[in-house]
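Below is one structure; the comments refer to it alone.
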Amino acid sequence: MSPRPVDVAVGTELPEQVSRVTRADLVRYAGASGDLNVIHWNERVAREVGLPGVIAHGMLTAGLAARAVTAWAGDPGAVVEYSVRFSRPVVVPDDADGAELTVRGRVAALLEDGRVRVDLTVTSGGEKVLSLARAVVALG
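Here the sequence shown stands for residues 1 to 140, where the numbers follow full-length UniProt numbering.
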């Protein structure tokens, strides 16, 4: 059941979401999105261009973060605005575990018409990978 405006206050925390991203996930995402950039699957090329290794697609990272908001809202259509800035890449090792992405959210503002602004903290490997990640959600 989605939250109602009367049940939400500034400081309300969203359930933490932890996702794993593996190299196989990157291949599937590349196929679905058409983003076949070599830095998302080839370690040598990623390092040659100055990256610490193969990295997850930025839009995949943003999408996984948005999932925390849509799960809380109960309806993907309730997210009426969403924005992020990429601050660090999500490095995906070539092993069975991949990278862990942790998303925490909290209601930062009550807006008009039953809408709230949710601020997200998104980390991988203990580092913040998205900055200014926020969503506006229409509740009820």
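Ideal Cβ positions, reconstructed from N, Cα and C, are used throughout, including at glycine.
Bridge-paired residues (DSSP) for residue i
i             : result
arginine 117  : Ala109, Val136
arginine 67   : DSSP output for arginine 67 lists no bridge partner at all.
valine 84     : Paired residues: none, contrary to the question.
threonine 123 : Thr102, Lys128
valine 79     : Val137
Same chain only: Cβ atoms within 6 Å of residue i, ignoring 5 sequence neighbours per side
i            : result
proline 89   : Ile55
threonine 12 : Val107
alanine 62   : Val84
glutamine 17 : Ala68, Val103
Cβ-Cβ distance between residue i and residue j below 8 Å
i             : j             : result
glycine 98    : arginine 20   : yes
valine 80     : alanine 66    : no
threonine 123 : threonine 102 : yes
methionine 59 : serine 33     : yes
proline 93    : glycine 53    : yes
leucine 14    : glycine 114   : no
Residues near residue i in its chain [Cβ-Cβ closer than 8 Å; skip 5 each side]
i          : result
leucine 36 : Ala30
alanine 96 : Thr22
Proximal residues to residue i (C-beta, below 7 Å), its chain only, five neighbours per side dropped
i             : result
tyrosine 82   : Ala66, Ala135
alanine 51    : Correcting the residue type first, residue 51 is leucine in the shown sequence and not alanine. Excluding sequence neighbours, leucine 51 sits near Ile39, Pro89.
glutamate 100 : Val18, Arg20, Ser124
**Message:** Assess contact between the region 8 to 28 and the region 110 to 119, defined as three or more Cβ pairs (one per stretch) separated by less than 8 Å. Is contact present?
**Reply:** yes
**Asked** Per the contact definition of three or more C-beta pairs closer than 8 Å, is the region 14 to 27 in contact with the region 36 to 46?
**Response** yes
**Message:** Check whether the region 42 to 53 and the region 123 to 130 are in contact - that is, three or more C-beta pairs closer than 8 Å.
**Reply:** No: fewer than three Cβ pairs fall under 8 Å.
**Asked** What are the start and end residues of each continuous beta strand (DSSP E) run of 3 or more residues lying completely inside the region 2 to 43, in chain order?
**Response** Listed in chain order, the complete beta strand (DSSP E) runs (minimum 3 residues) inside the region 2 to 43 are 17 to 21.
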